[in-house]
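Be aware that the sequence shown starts at 35, since it is given in the numbering used here, and climbs by one per residue.
C-beta: ideal position from N, C-alpha, C; glycine also.
The next block holds one structure in the form of structure tokens; read it before the comments.
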Amino acid sequence: MAKKKVSSLPRSRVADREPALGPGIHGASIELALAGSYRIRTTSGARCAAVLGDGVDPALADDCLRTGRLVIVADGPRGPAIMGALQTSLPIARDADGVVSVNAKELRVRLDRAASIEVGAASITADAAGVVRIEGDRMVLDMGALVRVLSARVELP
35 MAKKKVSSLP RSRVADREPA LGPGIHGASI ELALAGSYRI RTTSGARCAA VLGDGVDPAL
95 ADDCLRTGRL VIVADGPRGP AIMGALQTSL PIARDADGVV SVNAKELRVR LDRAASIEVG
155 AASITADAAG VVRIEGDRMV LDMGALVRVL SARVELP
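As structure tokens, this is what we get:
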């Protein structure tokens, strides 16, 4: 007698599972997120529940919900699954000469431990303790107006 394949989902969840999306991948937007489950609306207008696919960062889904960015969904063993996000603009990338350019009104980077910029023998490092270190062979300050140094103590060699 052949053994019957048993679903890995609990019996009560198998009967309640949302209808399948159909073959292939589908575009959708996330309308609601609640405790690891998402309510999505496909580009054809159908609504259903979805889970995150394996390896998909929950922060990506949260960002897609917040910004209205389209996600890619497909049927999976647990029902409809969010497989990633649709990229609609160019990523920050290196050009043929190895140059990375970012054009923005403002740039904010928040780090937990430290930031470091190194160019040849020169470097600028800032750490979480508030220490900023500029190292190199020469330093030129070229200001058209005022240079103000505010410090409890200044040491010059």
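Use the C-beta contact count for R148: other C-beta atoms within 10 angstroms, 16 or more gives buried, fewer gives exposed.
Residue identity check: residue 148 is Ala in the sequence provided, not Arg. With fewer than 16 other Cβ atoms within 10 Å, it is exposed.
Return helix, strand or coil for T101, following the three-state DSSP convention.
Here T101 sits in helix by DSSP.
Measure the C-alpha to C-alpha separation of L145 and I158 and round it to an integer number of angstroms.
Approximately 15 Å, taken between the alpha carbons.
Please determine if the stretch 104-124 and the stretch 53-62 are in contact, where contact requires at least 3 C-beta pairs separated by less than 8 Å.
Verdict: yes, contact present.
In the DSSP output, what is L68 paired with across the bridge?
The partner list for L68 (beta bridge, DSSP) reads S71.
Apart from the five residues on each side of it in sequence, which residues of its chain come closer than 8 Å, Cβ to Cβ, to A108?
The residues are L55, G58, I59, H60, G87, P114, A115, M117.
Using CA atoms only, rank isn't needed, just tell me which of S135, Q121, C98 is closest to A127.
For the residues S135, Q121, C98, the minimum Cα distance to A127 belongs to S135.
Taking buried to mean at least 16 other C-beta atoms within 10 Å of its own C-beta, is V183 buried or exposed?
V183 comes out exposed.
Determine the DSSP secondary structure at L180, reduced to helix, strand or coil.
If DSSP states are grouped into helix, strand and coil, L180 belongs with coil.
Comparing alpha-carbon positions, which option in G89, E65, A83 lies nearest R100?
Residue E65 is the option with its Cα nearest to R100.
I'd like the list of long-range same chain contacts for Y72, defined as Cβ closer than 6 Å, with 5 residues on each side in sequence excluded.
Same-chain partners within the cutoff: I64, A84.
Starting from the C-beta of G70, find all residues in its chain whose C-beta is less than 8 Å away, skip the five residues before and the five after it, and write them out in chain order.
Result list for G70: V85, L86, P92, in chain order.
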